[in-house]
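Student: Sequential numbering from 1 applies to the sequence shown in my numbering. A virtual CB, placed ideally from N, CA and C, is assigned to each residue, including glycine.
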Amino acid sequence: MKNFQCLAIDMGASCVRIVMGEVEDNKIAYREIYRFNNEIEAVDGCDRWNIHKIYNQILKGITEGLAAYSSIESIGIDNVGA
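1) What are the start and end residues of each continuous beta strand (DSSP E) run of 3 or more residues lying completely inside the stretch 34-68, in chain order?
2) What are the boundary residues of the beta strand (DSSP E) that includes G21?
3) I9 lies in the beta strand (DSSP E); which residues open and close that run?
4) Report the rounded CA-to-CA distance for C46 versus I77, giving the unit in angstroms.
5) In three-state terms, what does DSSP make of I77?
6) Just to confirm, is the Cβ distance from G21 to Y34 under 8 Å?
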C-alpha cells in the first residue's frame with residue numbers, strides 16, 4: 001500500500017478538531033494538530049453558529065497541518081448538526 005497523509009476536520013457540537021492521519025508501511029496513525037471550542041452564540045435574539053470564527057479557525061488548523069507535514073493528499077470533513 002502506498003504511504004500517504006490526510007487531514008480530517010471533525011466538527012462536533014462543542015469543539016472542532018483538526019487531525020492528521022498517516023498510512024505508512026500498512027499502518028494507520030493519527031495525531032490531533034488543532035482544536036478549538038465551538039459554541040452557539042446569541043445573535044439578534046437567535047442562537048447561531050459563528051460561521052466566520054469557525055471558518056477562520058479551520059483555516060488556522062489547516063495551515064498548522066501544512067506546516068507540520070510535507071504533503072496532504074486528502075481532506076475529509078465530518079459535521080454534527082445541533
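Tutor: On the basis of the data shown:
1) Counting only runs of 3 or more, we get 41-43 and 46-48.
2) C15 to E24
3) F4 to M11
4) C-alpha of C46 to C-alpha of I77: approximately 26 Å in a straight line.
5) Strand at I77.
6) No, these two residues do not count as a Cβ contact at 8 Å.
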